[in-house]
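2 protein chains.
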Amino acid sequence: MKFSMSHGAGGEVMQSLISDIILGNLSNKRVNGGVGLDDLDDGATIPFGDYEIVLTTDSHTVNPIFFPGGDIGKISIAGTVNDVSVMGAKPLAIANAMVVSEGFPGEDFERIIKSMDEVCREVDVAIITGDTKVMEQDKLDKIIISTTGIGIVKKGEVKRDSSLKLGDKIILTGSIGDHGVSLMSYREGFGFETDLKSDVAPVWGMVKAALDVGGVNAMKDPTRGGVANALNELASKSGVGMLLDEEKIPIKKEVIAASEMLGIDPYEVANEGKVIMGVEADKAEEILQAIRKTKYGKDAQIIGEVTTDKHVILETVMGGKRILEAPIADPVPRVC
Amino acid sequence: MKFSMSHGAGGEVMQSLISDIILGNLSNKRVNGGVGLDDLDDGATIPFGDYEIVLTTDSHTVNPIFFPGGDIGKISIAGTVNDVSVMGAKPLAIANAMVVSEGFPGEDFERIIKSMDEVCREVDVAIITGDTKVMEQDKLDKIIISTTGIGIVKKGEVKRDSSLKLGDKIILTGSIGDHGVSLMSYREGFGFETDLKSDVAPVWGMVKAALDVGGVNAMKDPTRGGVANALNELASKSGVGMLLDEEKIPIKKEVIAASEMLGIDPYEVANEGKVIMGVEADKAEEILQAIRKTKYGKDAQIIGEVTTDKHVILETVMGGKRILEAPIADPVPRVC
Chain A
1 MKFSMSHGAG
11 GEVMQSLISD
21 IILGNLSNKR
31 VNGGVGLDDL
41 DDGATIPFGD
51 YEIVLTTDSH
61 TVNPIFFPGG
71 DIGKISIAGT
81 VNDVSVMGAK
91 PLAIANAMVV
101 SEGFPGEDFE
111 RIIKSMDEVC
121 REVDVAIITG
131 DTKVMEQDKL
141 DKIIISTTGI
151 GIVKKGEVKR
161 DSSLKLGDKI
171 ILTGSIGDHG
181 VSLMSYREGF
191 GFETDLKSDV
201 APVWGMVKAA
211 LDVGGVNAMK
221 DPTRGGVANA
231 LNELASKSGV
241 GMLLDEEKIP
251 IKKEVIAASE
261 MLGIDPYEVA
271 NEGKVIMGVE
281 ADKAEEILQA
291 IRKTKYGKDA
301 QIIGEVTTDK
311 HVILETVMGG
321 KRILEAPIAD
331 PVPRVC
Chain B
1 MKFSMSHGAG
11 GEVMQSLISD
21 IILGNLSNKR
31 VNGGVGLDDL
41 DDGATIPFGD
51 YEIVLTTDSH
61 TVNPIFFPGG
71 DIGKISIAGT
81 VNDVSVMGAK
91 PLAIANAMVV
101 SEGFPGEDFE
111 RIIKSMDEVC
121 REVDVAIITG
131 DTKVMEQDKL
141 DKIIISTTGI
151 GIVKKGEVKR
161 DSSLKLGDKI
171 ILTGSIGDHG
181 VSLMSYREGF
191 GFETDLKSDV
201 APVWGMVKAA
211 LDVGGVNAMK
221 DPTRGGVANA
231 LNELASKSGV
241 GMLLDEEKIP
251 IKKEVIAASE
261 MLGIDPYEVA
271 NEGKVIMGVE
281 ADKAEEILQA
291 IRKTKYGKDA
301 QIIGEVTTDK
311 HVILETVMGG
321 KRILEAPIAD
331 PVPRVC
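See below:
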């Protein structure tokens with residue numbers, strides 16, 4: 001076996017790689033009965049007294065490193081803040097390890113750091129420790145940023161991606177495909193003509209609004225593999241299905257147009273500022289309104305509900321039904 | 001400014017890069033008054049009730065990825081375990097983010113994971129969360145592993161690298177230069193004829209032995225920049241000097257021979273399984289004996305003491321005195 005691009009793309013090929021080699025060869029995968037590596041959730045937890053420490057990590061590579069709506073710095077902090085958030089914890093601190101290529105311009109580096117700072121200030125999270133290494137120019141292209149986030153939550157309040165309940169309403173906090181489609185459009189050279197830009201943003205404000213209402217059972221941020229992957233993971237790990245109303249799924253006209261032009265499925269590309277939630281039916285409307293009042297949540301929608309089915313079913317705009325499958329491998333070049 | 005190899009090499013050039021761009025552009029650098037980013041310690045802390053959470057991160061690149069005495073997997077886990085340890089905390093869990101190059105052989109990947117597991121089992125630390133990404137072959141050479149460690153310690157028991165006290169004895173837990181010199185010998189092609197190998201190992205056992213005795217005031221592991229860098233950082237951050245007896249500093253004959261052949265200074269190259277401690281004078285002998293009983297501590301020595309001087313002074317084997325300076329930049333190609 002040799003690594004191929006599809007191994008890192010959020011689809012089934014990667015899942016099997018993770019399971020087989022990583023999980024199969026590691027002995028210690030959890031601490032004190034918390035959420036562990038083999039739960040394959042957005043993060044892990046360490047139970048500690050009356051609390052649980054939430055820990056999550058990601059290495060960020062993105063091409064190009066500066067793109068409409070953001071850059072690799074913004075995506076590193078937002079991505080990590082978001083993984084802590086969807087575990088139900090307020091993001092508190094970040095550890096930031098960077099590997100930079102020899103010859104990388106100092107002004108680009110500074111721009112990236114400033115961008116990281118902006119997100120940190122918005123969410124009131126601190127970068128408390130870090131590491132910077134330089135690699136030979138012929139061994140690394142530009143920069144890789146690995147961020148690890150930590151949060152603390154009261155015991156029992158961690159939100160899992162496996163705890164959807166029958167009858168839950170599914171909330172999607174905004175339009176799909178913006179990050180992936182805008183990045184690919186930009187790469188293909190026709191991003192300049194549209195307003196298309198990445199949705200990269202910290203979701204903590206929306207998550208907090210929902211948690212304050214109460215009744216949130218499960219959360220996930222639909223990054224690699226898109227909403228198609230996230231919805232299927234939520235459903236399969238919870239042992240349930242979903243019935244979704246495609247008409248309710250927010251998607252921008254420009255995203256539809258660009259997707260058709262690029263020949264890609266906006267359900268399968270990354271979002272970087274959205275959350276999918278499973279919430280108690282009797283709280284759904286109140287949670288929706290609370291999310292809509294936040295900075296990034298005005299387009300939030302209740303897109304469907306949890307069923308006893310074993311699939312994620314889309315009631316299409318045309319009136320038919322289709323199974324929304326998880327992508328086998330990333331259908332497009334890596335965008336996050 | 002463009003990044004050059006010396007920026008990442010643990011010397012003064014990197015220090016100024018870190019200070020100027022990273023620290024200057026970040027607003028939130030600590031949480032709840034804990035140890036923060038601008039303390040530039042081996043890790044950070046988050047005070048929490050009667051405890052402090054210790055957090056530390058590192059990106060690991062090493063060439064070659066398999067070398068005498070270890071590999072990039074062993075160095076990733078040991079390095080992170082060691083940074084948590086020298087903060088005075090038992091390492092508890094690790095977050096593991098890997099970026100792998102397209103085409104990287106699965107069997108090498110498996111060997112690396114197994115090697116990580118071995119260190120985890122030895123120290124009883126768990127890898128609780130992770131991320132794996134694949135990068136195009138022309139954009140990354142082989143693999144980068146970014147590991148973040150977490151530990152918990154009672155409030156007030158964190159060990160800083162800035163808290164040496166006048167009169168403290170300095171303990172070095174074993175021979176210097178093994179990692180850096182063996183790696184460079186191996187690269188130059190004459191590593192096969194000697195027993196020279198990296199000292200990469202988890203130091204928690206030695207640290208615990210010392211902490212159990214009590215009287216440890218400061219610790220640091222002499223990685224990038226070698227003992228020359230670590231001793232100077234300890235002294236300057238504590239506002240003191242040191243008088244060291246060169247004769248007491250453990251160094252292997254093969255390391256001296258290879259250093260002369262390579263034209264490098266074994267004081268300035270990385271160690272990956274050693275600790276420098278400043279301990280109360282009246283506890284020094286007891287701590288030394290406790291360390292010597294551990295798996296990696298049999299060559300530990302009291303190498304000198306803390307003085308009011310502003311320099312780290314070496315009393316040489318020949319009877320003279322010389323100032324041991326921190327390296328300006330890595331004197332040798334990157335080895336950790």
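So the sequences go chain by chain: A and B.
Mapping of the first sequence onto full-length UniProt numbering: residues 1 to 336, in sequence order.
Mapping of the second sequence onto full-length UniProt numbering: residues 1 to 336, in sequence order.
We put the CB at the ideal spot given by N, CA and C, even for glycine.
Whole angstroms is fine: what's the gap from residue 55 of chain A's alpha carbon to residue 263 of chain B's? Counted from its first residue, the first sequence places residue 55 of chain A at position 55. Counted from its first residue, the second sequence places residue 263 of chain B at position 263. Cα-Cα distance, rounded: 44 angstroms.
Cβ contact check for the stretch 266-274 of chain A and the stretch 203-222 of chain A: 3 or more pairs under 8 angstroms: yes
Buried or exposed: which applies to residue 50 of chain B, given that a residue is buried once 16 or more other Cβ atoms fall within 10 Å of its Cβ? Taking the second sequence and counting its residues from 1, the one referred to as residue 50 of chain B is at position 50. Its Cβ having fewer than 16 others within 10 Å, residue 50 of chain B is exposed.
Which residues bound the beta strand (DSSP E) around residue 278 of chain A? One-based indexing of the first sequence puts residue 278 of chain A at position 278. Unbroken beta strand (DSSP E) run through residue 278 of chain A: 276-279.
So, at 6 angstroms on beta carbons, what are the nonlocal neighbours of residue 130 of chain B in its own chain, with the 5 sequence-adjacent residues on each side left out? As a first step, residue 130 of chain B must be located in the second sequence, where it is residue number 130. 96.
How many whole angstroms separate the CB atoms of residue 303 of chain B and residue 245 of chain B, which I take to be in contact at a CB cut-off of 8 angstroms? Position 303 of the second sequence, counted from the first residue, corresponds to residue 303 of chain B. Position 245 of the second sequence, counted from the first residue, corresponds to residue 245 of chain B. Indeed, because the Cβ distance is near 6 angstroms, the residues count as touching under 8 angstroms.
Listing by chain order, which chain B residues have their CB less than 9 angstroms from the CB of residue 101 of chain A? Taking the first sequence and counting its residues from 1, one reaches residue 101 of chain A at position 101. Here the neighbours are 3.
Should residue 75 of chain B be labelled buried (16 or more other beta-carbon atoms within 10 Å of its own) or exposed? In the second sequence, counting from the first residue as 1, residue 75 of chain B sits at position 75. Per the 10 Å Cβ criterion, buried.
Beta carbon proximity, residue 25 of chain B to chain A, threshold 8 angstroms: As a position in the second sequence, residue 25 of chain B is number 25, starting the count at 1. Yes, residue 25 of chain B counts as interfacial toward chain A.
Please list the segments of the beta strand (DSSP E) lying wholly inside the UniProt domain "PurM-like N-terminal" (41-153) of chain A, counting only runs of 3 or more residues, in order along the chain. 44-48, 51-60, 90-101, 126-135
Rounding to the nearest angstrom, what Cα-Cα distance links residue 215 of chain B and residue 179 of chain B in this structure? In the second sequence, the residue the question calls residue 215 of chain B occupies position 215. In the second sequence, the residue the question calls residue 179 of chain B occupies position 179. So the two alpha carbons sit approximately 29 angstroms from each other.
Buried versus exposed call for residue 323 of chain B [16 or more other C-beta atoms within 10 Å across all chains shown]: Position 323 of the second sequence, counting from 1, holds the residue named residue 323 of chain B. Exposed.
Look at the alpha carbon of residue 250 of chain A and the alpha carbon of residue 89 of chain A, and state the distance between them as a whole number of angstroms. Residue 250 of chain A sits at position 250 when you count from the first residue of the first sequence. Residue 89 of chain A sits at position 89 when you count from the first residue of the first sequence. About 26 angstroms.
Taking C-alpha atoms, which residue in B:38, B:166, B:25, B:198 lies nearest to residue 241 of chain B? The count along the second sequence starts at 1 and reaches residue 241 of chain B at position 241. Closest by alpha carbon: B:166.
Under 8 angstroms between C-beta atoms of residue 196 of chain A and residue 64 of chain A: Taking the first sequence and counting its residues from 1, the one referred to as residue 196 of chain A is at position 196. Taking the first sequence and counting its residues from 1, the one referred to as residue 64 of chain A is at position 64. No, the pair does not count as a contact, with Cβ atoms beyond the cut-off.
Using beta carbons (cut-off 8 angstroms, strictly below), is residue 16 of chain A in contact with chain B? Here the question's residue 16 of chain A lines up with position 16 in the first sequence. Not closer than 8 angstroms to any Cβ of chain B, the Cβ of residue 16 of chain A fails to qualify, so no.
Beta-carbon spacing of residue 269 of chain A, residue 177 of chain A below 8 angstroms: For the purposes of this step, residue 269 of chain A is taken as residue 269 along the first sequence, with counting starting at 1. For the purposes of this step, residue 177 of chain A is taken as residue 177 along the first sequence, with counting starting at 1. Cβ atoms of residue 269 of chain A and residue 177 of chain A: closer than 8 angstroms.
Is there a C-beta anywhere in chain B that falls below 8 angstroms from the one on residue 43 of chain A? The count along the first sequence starts at 1 and reaches residue 43 of chain A at position 43. It does; some Cβ of chain B falls within 8 angstroms.
Backbone secondary structure at residue 184 of chain A - three-state DSSP: The residue given as residue 184 of chain A occupies position 184 in the first sequence. Helix at residue 184 of chain A.
Starting from the Cα of residue 316 of chain B, find the closest Cα among B:247, B:210, B:236 and give me that residue. As a first step, residue 316 of chain B is located in the second sequence; it is residue number 316 there, counting from the start. Out of B:247, B:210, B:236, B:247 has the C-alpha closest to the C-alpha of residue 316 of chain B.
Taking 8 angstroms as the CB-CB limit, is residue 76 of chain B close to chain A? If you number the second sequence from 1, residue 76 of chain B lands on position 76. For residue 76 of chain B, the answer is no, since every Cβ of chain A falls outside 8 angstroms of its Cβ.
For chain A, is any of its Cβ atoms less than 8 angstroms away from the one on residue 140 of chain B? As a first step, residue 140 of chain B must be located in the second sequence, where it is residue number 140. Taking Cβ atoms only, chain A reaches closer than 8 angstroms to residue 140 of chain B, which makes this a yes.
Measure from the C-beta of residue 332 of chain A to each C-beta in chain B and report whether the shortest distance is under 8 angstroms. Numbered from 1 along the first sequence, position 332 holds the residue referred to as residue 332 of chain A. In this prediction, residue 332 of chain A scores a pLDDT of 49, lower than 50, which makes its location untrustworthy; no coordinate-derived value is stated.
Which residues in the same chain as residue 2 of chain A place their Cβ atom closer than 7 angstroms to its Cβ, once the five residues preceding and following it in sequence are excluded? Looking up residue 2 of chain A in the first sequence gives position 2. Closer than 7 angstroms at Cβ, skipping near neighbours: no residue.
Beta-ladder partner(s) of residue 220 of chain B, from DSSP: Counting from 1 along the second sequence, the entry for residue 220 of chain B is found at position 220. Note: residue 220 of chain B sits in a beta bridge opposite B:276.
Between residue 172 of chain B and residue 300 of chain B, which are expected to be in contact by the criterion C-beta below 8 angstroms, what is the C-beta distance as a whole number of angstroms? The count along the second sequence starts at 1 and reaches residue 172 of chain B at position 172. The count along the second sequence starts at 1 and reaches residue 300 of chain B at position 300. Their Cβ separation, rounded to whole angstroms, is 7 angstroms, which keeps residue 172 of chain B and residue 300 of chain B in contact under 8 angstroms.
Whole angstroms are fine: how far does the CA of residue 278 of chain A sit from the CA of residue 295 of chain A? The sequence position of residue 295 of chain A within the first sequence is 295, counting from 1. The sequence position of residue 278 of chain A within the first sequence is 278, counting from 1. For residue 295 of chain A and residue 278 of chain A, the distance between alpha carbons rounds to 21 angstroms.
So for residue 170 of chain B, helix, strand or coil by DSSP? Translated into positions along the second sequence, residue 170 of chain B becomes position 170. In this structure, residue 170 of chain B counts as strand in the three-state DSSP scheme.
Test item: CB-CB of residue 83 of chain B and residue 42 of chain B under 8 angstroms: Numbered from 1 along the second sequence, position 83 holds the residue referred to as residue 83 of chain B. Numbered from 1 along the second sequence, position 42 holds the residue referred to as residue 42 of chain B. Contact: yes.
When you compare the CB positions of residue 231 of chain A and residue 309 of chain A, do they come within less than 8 angstroms of one another, or not? Your numbering for residue 231 of chain A matches position 231 in the first sequence. Your numbering for residue 309 of chain A matches position 309 in the first sequence. No, they are not a contact pair.
Kindly list the residues whose CB is nearer than 6 angstroms to the CB of residue 23 of chain B, restricted to its own chain and excluding five residues on each side of it in sequence; keep chain order. The count along the second sequence starts at 1 and reaches residue 23 of chain B at position 23. Closer than 6 angstroms at the Cβ level, and outside the excluded window around residue 23 of chain B, lie 38.
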